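Presented below is the structure to which this report refers.
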Amino acid sequence: MLSTGNQLRAARALADMDQGTLAEAAGVNVNTIRNMEASKDETIKANNQTVVAVQKALEQAGIEFLNHGQPGVRLKAK
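Numbering (full-length UniProt numbering), first residue to last: 1 to 78.
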């Protein structure tokens, strides 16, 4: 589950997406992505529907979210 701004930033980097591309894929405004990433190590302060949309867009780009003790991300095996 997507939970922190740093996790979001790492996932976006692994997916090789800029903020605008991710925003478009998730159907949200680019400022929403910026604000979500600004939370850094804290829990993202955004509406649950928005977080789910962003997570789904990243998962479709091949990202897997990990939460084994700490939030993390990796590329899915092909």
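Glycine residues also receive a C-beta, built at the ideal position from the N, C-alpha and C atoms. As the structure is a prediction and not an experimental result, all values here were calculated from the model.
Figure out for me which residue from the options has the closest Cα to the Cα of residue i.
| i | options | result |
| --- | --- | --- |
| residue 75 | 6, 3, 5, 12 | 12 |
| residue 5 | 15, 34, 26 | 34 |
| residue 9 | 52, 1, 26, 36 | 36 |
Would you give the residue range spanned by the beta strand (DSSP E) that residue i belongs to?
| i | result |
| --- | --- |
| residue 80 | Since the first residue of the chain shown is 1 and the last is 78, residue 80 is not available in this structure. |
Residue i bridges to which residues according to DSSP?
| i | result |
| --- | --- |
| residue 43 | 4 |
| residue 75 | 63 |
| residue 19 | DSSP output for residue 19 lists no bridge partner at all. |
Please report the residue range of the alpha helix (DSSP H) in which residue i lies.
| i | result |
| --- | --- |
| residue 57 | 48-60 |
Sorted by chain position, which residues of the same chain lie with C-beta nearer than 7 Å to residue i's C-beta, five sequence neighbours on each side aside?
| i | result |
| --- | --- |
| residue 50 | 28, 32 |
| residue 39 | 4, 5, 45 |
| residue 14 | 63, 73, 75 |
| residue 17 | 61 |
Residues in its own chain within less than 8 Å of residue i by CB, not counting five upstream and five downstream?
| i | result |
| --- | --- |
| residue 48 | none |
Once the 5 residues before and after residue i are set aside, which same chain residues still bring their CB inside 6 Å of it?
| i | result |
| --- | --- |
| residue 54 | 26 |
| residue 20 | 30 |
Could you check if residue i belongs to the surroundings of the ligand FAD, using beta carbon to heavy atom distance under 7 Å?
| i | result |
| --- | --- |
| residue 8 | For the ligand FAD, the structure offers nothing, since it holds no ligand at all. |
Taking one C-beta from the stretch 26-36 and one from the stretch 60-73 each time, how about it: are there three or more such pairs within less than 8 Å?
-> no
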